Amino acid sequence: MGIGDTLADPADPRPLPPIMVEEPTVRMTFSVNDSPFAGREGQYLTSRQLRARLMNELERNVALRVDETDKANEFIVSGR
Numbered sequence: 000m001g002i003g004d005t006l007a008d009p010a011d012p013r014p015l016p017p018i019m020v021e022e023p024t025v026r027m028t029f030s031v032n033d034s035p036f037a038g039r040e041g042q043y044l045t046s047r048q049l050r051a052r053l054m055n056e057l058e059r060n061v062a063l064r065v066d067e068t069d070k071a072n073e074f075i076v077s078g079r
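Every letter in the sequence shown is one number past the one before it in numbering that gives the first Met the number 0, and letter 76, counting from 1, is 75.
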């Protein structure tokens with residue numbers, strides 16, 4: 000199921016008009032902190048944990064878009 004999908008009675012399968020989701024207006028690149036000061040502040044986080052958290056958020060947030068890059072620990076997150 001996705002945004003704009005219609006569940007209908009088989010006897011009367013008229014779909015509702017689709018919902019248009021606006022294109023993202025902000026785009027940021029996120030990656031795991033690999034600086035010499037990593038782990039001194041905040042919570043330690045691996046790229047696997049970061050990916051899992053982003054994929055979990057995609058299930059609820061229709062305005063979010065996550066693209067992977069050629070680097071395993073870097074993600075491009077777009078939203079509005």
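Every residue, glycine too, gets a C-beta built ideally from N, C-alpha and C. Given the structure is predicted, the values throughout are model-derived calculations rather than measurements.
Can you give the Cα-Cα distance for Pro16 and Thr5, rounded to whole angstroms?
9 Å
Which residue comes first and which comes last in the alpha helix (DSSP H) that contains Glu56?
46–57
For Arg47 and Asn72, I'd like the C-alpha separation in whole angstroms.
8 Å
Could you tell me if Phe74 is buried or exposed, where buried requires 16 or more neighbouring beta carbons within 10 angstroms of its beta carbon?
buried
Does DSSP classify Val65 as helix, strand or coil?
strand
Measure the beta-carbon distance from Glu56 to Leu49 and round it to whole angstroms, keeping in mind my assumption that it falls under 8 Å.
Actually they do not touch by this definition, with Cβ atoms about 11 Å apart.
Beta-carbon separation of Val65 and Val20 under 8 Å?
no
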